[in-house]
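Using my numbering, read the sequence shown as starting at 244 and increasing by one per residue.
Worksheet: one structure, shown below.
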Amino acid sequence: MPIYQTASYQVEPGAVAEVKAAIDEFVRYVRDNEPGTRFYAAWQQESDPTRFVHLFIFDDEEAHRAHGRSAAVKVFQSVYAPRLVGGPVAFTGYALVADNQRRPIASGD
């Protein structure tokens, strides 16, 4: 069963450019090395560029675990974690209700 999740966080103003560069590198790694990650996107808030939200869909729990264990996650964390403000990264899980994709949604998907 797919896993739908977001991660949101805020960084120090002086760290925005460095974090954005790390996001770009990290998302390229995910695209090229994580076939079980169906979707991964990172968004920057327009009204407050220190805030970011990542959206991801994993095929299943194994893909989610593989993502979390990757060396790329640890490298990315080493960039943003020391620069967090307002608390730790907030991970939130979701259940799919509907989407605009042109494929059948499996029961429980």
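Ideal Cβ positions, reconstructed from N, Cα and C, are used throughout, including at glycine.
Chain-order list of residues whose beta-carbon lies under 6 Å from that of residue i (same chain, five-residue window excluded)
i           : result
residue 298 : 249, 284
residue 300 : 245, 247, 281, 282
Residue i (DSSP reduced to helix, strand or coil)
i           : result
residue 292 : coil
residue 313 : coil
residue 341 : coil
residue 331 : strand
Per-residue burial, residue i [other beta carbons within 10 Å of its own, 16 or more giving buried]
i           : result
residue 318 : exposed
residue 306 : buried
residue 245 : buried
residue 280 : buried
residue 321 : exposed
residue 323 : buried
residue 254 : buried
residue 247 : buried
residue 334 : exposed
Span separating the alpha-carbon of residue i from that of residue j
i           : j           : result
residue 265 : residue 302 : 24 Å
residue 270 : residue 261 : 14 Å
residue 329 : residue 252 : 8 Å
residue 272 : residue 309 : 13 Å
residue 291 : residue 277 : 30 Å
residue 288 : residue 337 : 20 Å
Within the region 244–303, note down every full beta strand (DSSP E) run reaching 3 residues or more, in order along the chain. 246–254, 280–287, 294–301
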